[in-house]
Amino acid sequence: MTDKTIPQEQIASIIDLSGGKDLDECLTCDRCVQSCLLTDVYPSVTPREFTRKVLAGRIEELADAEYLWACTLCAKCMVECPKNLQLDRTVRLLRGVCRQRGRGPGRLEEGLQKIKEVGNSVGVDAEEFADTVQWLSEEAAEEIEGLDEDFHAPMDKQEAEFLFIPNPREFTSAPHMFSVYLKFFLAIGAEWTYASNLCDISNWAYYMGDDATSEVLVRRAVDTARSLGVKTLVASECGHGFKILRKDAPGIVGEPLGFDVVSIVELAHDCLQDGRLKLRPAAVGKTVTYHDPCNTGRKAGLYEAPRALLRHVSREFVEMEPHSLHALCCGGGGSVAQNSEMTEKRMRFGKAKRDQIVNTGADVVTTTCQTCLAQLTDLRDFYEVPVEVKSVMELVVEAIVP
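Next comes the structure, spelled out in structure tokens:
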């Protein structure tokens, strides 16, 4: 699509959806500027300047700014804003405009096209996903004592207690995570299942500003859970996917979902408390620190469950400062880690997170989001930080009582 002038009615709509007259209430207090991890990299396009330009209708200028695709949608600027201006919503709107002008990042556009064609960003259809789960199950059976060699993880099982939706990294770049989650479900004796048409919880369409496609993905997940008759949808360790299904889905479908949505970390914590999950205290004989993913933490309020698990299984648990609501973004969220055009700059975005990790003195940094895990691993390697990077559920599974 060639470049073209944005219609005035679309500009008016973006201003309205961004807050309209509320944008006039900006106090120019600079709290958003001070909290944004991009301020040093883009000093001329700070959150405050972004808001001012939207209010002035300078949409074309913003739609062409690199800042638009550097923003991680972390929402830290919103936490600090005394007027609660919703900048992340505006960024997603303008990304949609950028894509209409034919200027969306190539790698992200490829993933979005696959979503539209087959329903996920990796281009795997239902039959291929089922086959992948089968051979991963066979490999896991060789590793996990007590499993028959012809074992395969349940697929499209009716009336299961839990429907588990994975992140594609669990069967592409990080297939060891398949065994991690399998061991957990086996340990709690759960009736659970995969769905053959749901192999990607990540929802790239959401952070690319394609709300129509994002809604299709949400409705597919909801309809599948309902058709299978499950009691609970369990989200893998994926920030955007969990947040969208937990917080946004009821509003998107316009009614209660009819089932619960939980993070697998929440489920593990609940099972530890009710005795379904037996974990050896201090089984991870190392000092562990935790990175709060922006979507599971700041946007969905999941703070205590991962910390309770880590305090139980680690020799020592130490906090980063700041953490929880005021935690620093890792620098890879909101499509940045998936955008090959941002590879070099996101290392700069994550410098503060690197410093946080080093200051804890921890042996292991852990988190509960696949994007964060990828970014933290890249930061470790780029800055040569002597620390292990693992997911919360990896450490939980290491501590399971045989």
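The numbering used here puts the sequence shown at residues 5 to 406.
Glycine included, each C-beta is placed from N, C-alpha and C at the ideal position.
Through-space distance from residue j to residue i, alpha-carbon basis
i	j	result
F189	P158	11 Å
D296	V288	20 Å
M397	A194	16 Å
K235	E163	8 Å
F246	S240	7 Å
I119	V126	8 Å
K357	D152	44 Å
I15	L221	27 Å
Q374	V95	22 Å
G108	C102	6 Å
D385	A331	22 Å
G243	N299	5 Å
A69	M346	13 Å
L140	Q90	42 Å
A378	W73	18 Å
C75	V405	42 Å
Simplified DSSP state of residue i, which is helix, strand or coil
i	result
E70	coil
L89	coil
T197	strand
E398	helix
L237	strand
E323	coil
I18	helix
F189	helix
G55	According to the sequence displayed, residue 55 carries Thr and not Gly. Helix, per DSSP.
G289	strand
Y2	The shown model of the chain, from 5 to 406, leaves out residue 2, and the question about it has no answer.
Environment of residue i [buried if 16+ CB atoms lie within 10 Å]
i	result
E325	exposed
G213	buried
L399	buried
V49	buried
R52	buried
M5	A caution first: M5 carries a pLDDT of 37, below 50, which makes its placement in the model unreliable, though a value can still be read off. By the 10 Å Cβ count, M5 comes out exposed.
E310	The sequence as given places Pro at residue 310; Glu does not occur at that position. By the neighbour-count rule (16 or more Cβ atoms within 10 Å), P310 is buried.
Candidates the options: closest to residue i by CA position
i	options	result
R173	R105, E142 and N124	N124
V266	P170, H180 and F353	P170
F155	E165, G61 and V137	V137
C40	L77, V401 and R311	L77
P86	R62, C30 and Q38	C30
L383	R315, E402 and K349	K349
Distance between beta carbons of residue j and residue i, contact taken as under 8 Å
i	j	result
V317	T293	14 Å between Cβ atoms; not a contact.
A272	T228	At roughly 23 Å, the Cβ-Cβ gap does not stay under 8 Å, so A272 and T228 are not in contact.
T197	V269	Not a contact, Cβ separation roughly 19 Å.
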